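Adding 298 to a residue's 1-based position in the sequence shown gives its number in the numbering used here. I have placed the structure first, in the form of structure tokens, so that the comments after it can refer back to it.
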Amino acid sequence: MGGSAAMSPRWAHWYRRALPAYWLFVFCCTHFPRLKLDLGVGSPDKLAHVVAFSLLAFLLWRFAETFRRPLSGRFVWIAAVILLVYAAIDEYTQQFVGRGVEMRDYLYGAGGMIAVLAVLECQRRWVVWRGRAKGGSAGG
299 MGGSAAMSPR
309 WAHWYRRALP
319 AYWLFVFCCT
329 HFPRLKLDLG
339 VGSPDKLAHV
349 VAFSLLAFLL
359 WRFAETFRRP
369 LSGRFVWIAA
379 VILLVYAAID
389 EYTQQFVGRG
399 VEMRDYLYGA
409 GGMIAVLAVL
419 ECQRRWVVWR
429 GRAKGGSAGG
């Protein structure tokens with residue numbers, strides 16, 4: 299899935315359904331009262347935040363690509379703002395269902411999202427650079 303090639307209709311269809319379903323799933327999971335995770339690792343709650351919000355960032359990126367490929371250079375910033383604001387709201391609203399609000403949870407989730415967005419942005423820039431180096435126009 300590189301370059302300016304169109305995403306296959308099957309994948310586009312999948313991402314357009316997966317993102318809303320997963321986003322709802324994440325919201326529900328983060329709002330179960332007194333949810334305890336036993337993942338067999340230290341700080342399973344922090345690991346869950348990193349993984350859950352990293353996957354959310356990945357799905358948002360791929361979802362957006364189903365409408366425009368390649369994405370513009372501004373998309374990474376738009377996605378970061380949307381996801382960071384959502385993560386803050388998500389963490390804040392947990393207090394209303396008997397869960398704690400922890401800045402560390404937010405930071406772990408934000409870190410996962412930013413890491414994924416950074417990797418995807420680097421990949422996007424590489425594709426653009428490679429397209430220009432070959433004399434084409436890969437977007438910008």
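Ideal Cβ placement from N, Cα and C applies to all residues, glycine included. Please read all numbers here as calculations on a predicted model, not as lab measurements.
Among D388, A362, E389, which has the Cα closest to the Cα of W309?
Closest option to W309, Cα to Cα, is A362.
Coarse secondary structure for L418, derived from DSSP in three states
Assignment of L418 by DSSP, reduced to helix, strand and coil, places it in the helix class.
By alpha-carbon positions, which one of M305, W359, F394, V395 ends up nearest to P318?
Of M305, W359, F394, V395, the residue nearest in Cα terms is W359.
Any heavy atom of the ligand SAM closer than 7 Å to the Cβ of V379?
Ligands are entirely absent from the displayed structure, and the ligand SAM is therefore not among its contents.
So, at 6 Å on beta carbons, what are the nonlocal neighbours of V374 in its own chain, with the 5 sequence-adjacent residues on each side left out?
Taken in chain order, the residues that qualify are L415, E419.
Is the separation between the beta-carbon of G410 and that of V349 shorter than 8 Å?
In terms of Cβ geometry, G410 and V349 form a close pair [threshold 8 Å].
Give me the Cα-Cα distance between R500 and G396, rounded to the nearest whole angstrom.
Residue 500 lies beyond the stretch modelled for the chain, which goes from 299 to 438, so this question has no answer here.
Just tell me which of A378, T364, G398 has its CA closest to the CA of I412.
Comparing C-alpha distances from I412 to each of A378, T364, G398 shows the shortest one belongs to A378.
Return the chain-ordered list of same chain residues with a C-beta closer than 7 Å to the C-beta of A254, the five sequence neighbours on each side being excluded.
Residue numbering for the chain in the displayed model covers 299 to 438; residue 254 lies beyond these limits and cannot be assessed.
Assumed close pair F351, G407 - CB separation to whole angstroms, cut-off 8 Å
With 8 Å as the limit, F351 and G407 qualify as a contact, their Cβ atoms being about 4 Å apart.
Reference S370, options C326, V425, T328, L322, closest by Cα:
Each of C326, V425, T328, L322 was checked against the Cα of S370, and the nearest Cα belongs to V425.
Quick check: what's the CA-CA separation for M299 versus M401?
With a pLDDT of 43 at M299, under the threshold of 50, the modelled position of that residue is not reliable, and the figure given next carries that caveat. Roughly 36 Å separates the two Cα atoms.
Distance between beta carbons of T364 and Y313, contact taken as under 8 Å
The distance from the Cβ of Y313 to that of T364 is about 5 Å, consistent with a contact at the 8 Å cut-off.
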